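Encoded as C-alpha coordinates, the structure appears first; notes follow it.
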Amino acid sequence: MWSVGLYVVITLLAMYMSHWVYKWSHPKCNNGILPPGSMGFPLIGESLLLFSTSYFLDLPPFIKNRIQRYGPIFGISLGGRSAVVSADPQFNHSIGESKTNALGIVHKYIRSSTLSHFGSEVLKTTVLPQLEEEVHKTLLSWSTHSSVDVKCASATMTLDSTAKLLFSYYSESSPEKISDNFADFLQG
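Counting in our numbering, the sequence shown runs from 850 upward without gaps.
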(Lines of atoms letter the chains of each structure in order from A and count residues from 1; the text may use other names and numbers.)
(Lines give C-alpha, C1' and ligand atoms only; values in the text may rest on other atoms or scores of the structure.)
Protein backbone atom coordinates (compact mmCIF):
# COMPACT_ATOMS: atom_id res chain seq x y z
CA MET A 1 0.00 0.00 0.00
CA TRP A 2 2.75 2.44 0.98
CA SER A 3 4.77 1.59 -2.10
CA VAL A 4 1.84 2.40 -4.42
CA GLY A 5 1.23 5.73 -2.66
CA LEU A 6 4.93 6.60 -2.81
CA TYR A 7 4.99 5.66 -6.50
CA VAL A 8 2.01 7.98 -7.18
CA VAL A 9 3.61 10.87 -5.27
CA ILE A 10 6.93 10.47 -7.10
CA THR A 11 5.12 10.29 -10.46
CA LEU A 12 3.10 13.42 -9.71
CA LEU A 13 6.25 15.25 -8.56
CA ALA A 14 8.10 14.22 -11.74
CA MET A 15 5.17 15.39 -13.88
CA TYR A 16 5.04 18.72 -12.05
CA MET A 17 8.81 19.24 -12.43
CA SER A 18 8.75 18.38 -16.15
CA HIS A 19 5.82 20.77 -16.68
CA TRP A 20 7.69 23.50 -14.77
CA VAL A 21 10.86 22.97 -16.85
CA TYR A 22 8.78 23.07 -20.06
CA LYS A 23 7.11 26.32 -19.01
CA TRP A 24 10.52 27.74 -18.12
CA SER A 25 12.12 26.84 -21.43
CA HIS A 26 9.08 28.05 -23.44
CA PRO A 27 7.92 31.28 -21.73
CA LYS A 28 4.68 32.98 -22.73
CA CYS A 29 4.71 36.39 -24.34
CA ASN A 30 1.52 38.46 -24.18
CA ASN A 31 1.97 40.36 -27.45
CA GLY A 32 3.48 37.71 -29.68
CA ILE A 33 6.41 35.34 -29.51
CA LEU A 34 9.83 35.87 -28.05
CA PRO A 35 12.82 35.73 -30.39
CA PRO A 36 14.86 32.54 -30.38
CA GLY A 37 17.28 31.98 -27.50
CA SER A 38 17.92 29.87 -24.46
CA MET A 39 16.64 30.46 -20.96
CA GLY A 40 19.53 28.89 -19.04
CA PHE A 41 19.05 27.57 -15.51
CA PRO A 42 15.89 28.40 -13.57
CA LEU A 43 16.16 31.41 -11.23
CA ILE A 44 19.65 32.53 -12.34
CA GLY A 45 19.13 32.13 -16.09
CA GLU A 46 22.21 33.03 -18.05
CA SER A 47 23.34 35.84 -15.73
CA LEU A 48 26.59 34.14 -14.77
CA LEU A 49 27.62 33.65 -18.39
CA LEU A 50 26.69 37.18 -19.40
CA PHE A 51 28.53 38.88 -16.56
CA SER A 52 31.67 36.75 -16.65
CA THR A 53 34.81 38.79 -17.20
CA SER A 54 36.04 39.48 -20.68
CA TYR A 55 39.40 41.01 -21.53
CA PHE A 56 38.48 42.06 -25.05
CA LEU A 57 37.53 45.52 -26.25
CA ASP A 58 34.98 43.89 -28.55
CA LEU A 59 31.66 42.25 -27.68
CA PRO A 60 31.78 39.72 -24.83
CA PRO A 61 32.12 36.12 -26.02
CA PHE A 62 28.67 35.28 -24.61
CA ILE A 63 27.00 37.87 -26.86
CA LYS A 64 29.10 36.83 -29.90
CA ASN A 65 28.10 33.19 -29.45
CA ARG A 66 24.41 34.06 -29.14
CA ILE A 67 24.57 36.29 -32.26
CA GLN A 68 26.15 33.47 -34.25
CA ARG A 69 23.64 30.95 -32.92
CA TYR A 70 20.36 32.94 -32.93
CA GLY A 71 20.98 36.12 -34.95
CA PRO A 72 21.25 39.78 -33.86
CA ILE A 73 18.02 39.72 -31.81
CA PHE A 74 17.67 36.93 -29.27
CA GLY A 75 16.02 36.08 -25.97
CA ILE A 76 17.84 35.25 -22.73
CA SER A 77 17.02 34.94 -19.06
CA LEU A 78 18.67 37.31 -16.60
CA GLY A 79 18.08 36.66 -12.93
CA GLY A 80 15.13 34.44 -13.74
CA ARG A 81 13.37 37.04 -15.93
CA SER A 82 12.99 36.81 -19.70
CA ALA A 83 14.76 39.54 -21.66
CA VAL A 84 15.37 40.36 -25.30
CA VAL A 85 18.85 41.43 -26.42
CA SER A 86 19.35 43.34 -29.65
CA ALA A 87 22.76 43.69 -31.30
CA ASP A 88 21.28 45.16 -34.48
CA PRO A 89 22.29 48.86 -34.80
CA GLN A 90 19.40 49.83 -37.09
CA PHE A 91 16.82 48.21 -34.80
CA ASN A 92 18.35 49.83 -31.71
CA HIS A 93 18.37 53.22 -33.43
CA SER A 94 14.71 52.90 -34.45
CA ILE A 95 13.73 51.91 -30.90
CA GLY A 96 15.74 54.75 -29.38
CA GLU A 97 14.35 57.34 -31.77
CA SER A 98 10.73 56.26 -31.37
CA LYS A 99 8.78 58.94 -29.52
CA THR A 100 5.67 56.82 -28.95
CA ASN A 101 6.88 53.85 -26.92
CA ALA A 102 8.09 53.87 -23.33
CA LEU A 103 11.68 53.00 -24.27
CA GLY A 104 11.88 55.98 -26.63
CA ILE A 105 10.56 58.30 -23.93
CA VAL A 106 13.06 56.95 -21.37
CA HIS A 107 15.88 57.26 -23.91
CA LYS A 108 14.90 60.88 -24.63
CA TYR A 109 14.78 61.70 -20.90
CA ILE A 110 18.16 60.11 -20.16
CA ARG A 111 19.72 61.81 -23.18
CA SER A 112 18.41 65.25 -22.19
CA SER A 113 19.48 64.74 -18.56
CA THR A 114 22.95 63.67 -19.64
CA LEU A 115 23.33 66.59 -22.02
CA SER A 116 22.13 69.03 -19.36
CA HIS A 117 24.96 67.85 -17.08
CA PHE A 118 27.67 66.95 -19.60
CA GLY A 119 26.72 68.76 -22.84
CA SER A 120 29.21 70.97 -24.67
CA GLU A 121 27.80 74.23 -23.26
CA VAL A 122 27.87 72.93 -19.69
CA LEU A 123 31.40 71.63 -20.20
CA LYS A 124 32.55 75.04 -21.48
CA THR A 125 30.86 77.16 -18.84
CA THR A 126 31.02 75.01 -15.72
CA VAL A 127 33.20 71.92 -15.90
CA LEU A 128 36.28 73.33 -17.65
CA PRO A 129 36.70 76.26 -15.22
CA GLN A 130 36.36 73.86 -12.27
CA LEU A 131 38.92 71.49 -13.79
CA GLU A 132 41.26 74.39 -14.53
CA GLU A 133 41.00 75.49 -10.89
CA GLU A 134 41.71 71.93 -9.67
CA VAL A 135 44.75 71.61 -11.95
CA HIS A 136 46.04 74.99 -10.81
CA LYS A 137 45.69 74.04 -7.12
CA THR A 138 47.37 70.69 -7.73
CA LEU A 139 50.30 72.21 -9.62
CA LEU A 140 50.69 74.80 -6.86
CA SER A 141 50.83 72.06 -4.21
CA TRP A 142 53.34 70.11 -6.33
CA SER A 143 55.64 73.12 -6.48
CA THR A 144 56.22 72.89 -2.72
CA HIS A 145 57.54 69.29 -2.95
CA SER A 146 61.07 68.36 -3.89
CA SER A 147 59.84 65.47 -6.07
CA VAL A 148 56.43 64.25 -7.23
CA ASP A 149 55.25 60.86 -8.42
CA VAL A 150 53.38 62.26 -11.41
CA LYS A 151 51.49 59.07 -12.25
CA CYS A 152 50.07 58.63 -8.75
CA ALA A 153 49.47 62.34 -8.17
CA SER A 154 47.72 62.89 -11.50
CA ALA A 155 45.51 59.82 -10.90
CA THR A 156 44.60 61.21 -7.47
CA MET A 157 43.83 64.61 -8.98
CA THR A 158 41.68 63.07 -11.71
CA LEU A 159 39.73 60.87 -9.29
CA ASP A 160 39.17 63.70 -6.79
CA SER A 161 38.07 66.11 -9.54
CA THR A 162 35.67 63.58 -11.04
CA ALA A 163 34.23 62.75 -7.62
CA LYS A 164 33.76 66.45 -6.93
CA LEU A 165 31.87 66.92 -10.20
CA LEU A 166 29.74 63.78 -9.97
CA PHE A 167 28.73 63.67 -6.31
CA SER A 168 30.09 66.82 -4.63
CA TYR A 169 32.99 65.10 -2.88
CA TYR A 170 35.49 67.58 -1.45
CA SER A 171 38.81 65.93 -0.70
CA GLU A 172 40.03 68.86 1.43
CA SER A 173 37.24 68.55 4.01
CA SER A 174 36.74 64.79 3.92
CA PRO A 175 38.35 62.66 6.65
CA GLU A 176 38.91 59.81 4.19
CA LYS A 177 40.57 60.18 0.82
CA ILE A 178 38.54 58.56 -1.92
CA SER A 179 41.66 58.14 -4.05
CA ASP A 180 43.35 56.09 -1.30
CA ASN A 181 40.23 53.91 -0.96
CA PHE A 182 40.09 53.42 -4.71
CA ALA A 183 43.78 52.48 -4.87
CA ASP A 184 43.28 50.00 -2.03
CA PHE A 185 40.27 48.57 -3.86
CA LEU A 186 42.25 48.09 -7.06
CA GLN A 187 45.10 46.37 -5.22
CA GLY A 188 42.70 44.01 -3.49
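Cβ atoms here follow ideal geometry from the backbone N, Cα and C, with glycine treated the same way.
Here the structure is a predicted model, which is why all the values come from computation and not from measurement.
In the structure shown, the three-state DSSP call for Ala-936 is coil. Beta-bridge annotation (DSSP): Gly-924 is paired with Gly-886 and Val-933. In the DSSP assignment, Phe-1034 falls within the unbroken alpha helix (DSSP H) covering 1027 to 1036. Two segments are said to touch when three or more pairs of C-beta atoms, one from each, lie closer than 8 Å; by this definition the stretch 977 to 991 touches the stretch 1000 to 1007. Per DSSP, the continuous alpha helix (DSSP H) segment holding Val-984 begins and ends at 977 to 991.
In this chain, the alpha helix (DSSP H) harbouring His-966 covers 951 to 967.
The stretch 911 to 930 and the stretch 852 to 871 do not touch, with fewer than three beta-carbon pairs separated by less than 8 Å. The continuous alpha helix (DSSP H) containing Thr-1005 extends over residues 999 to 1016. Collapsing the DSSP output to three states places Glu-1021 in coil. By alpha-carbon distance to Val-934, the top candidate from Leu-908, Ile-959 and Glu-946 is Leu-908. Residue range 910 to 919 is occupied by the alpha helix (DSSP H) that includes Phe-911. Comparing C-alpha distances from Glu-981 to each of Ile-944, Glu-1021 and Leu-1014 shows the shortest one belongs to Leu-1014.
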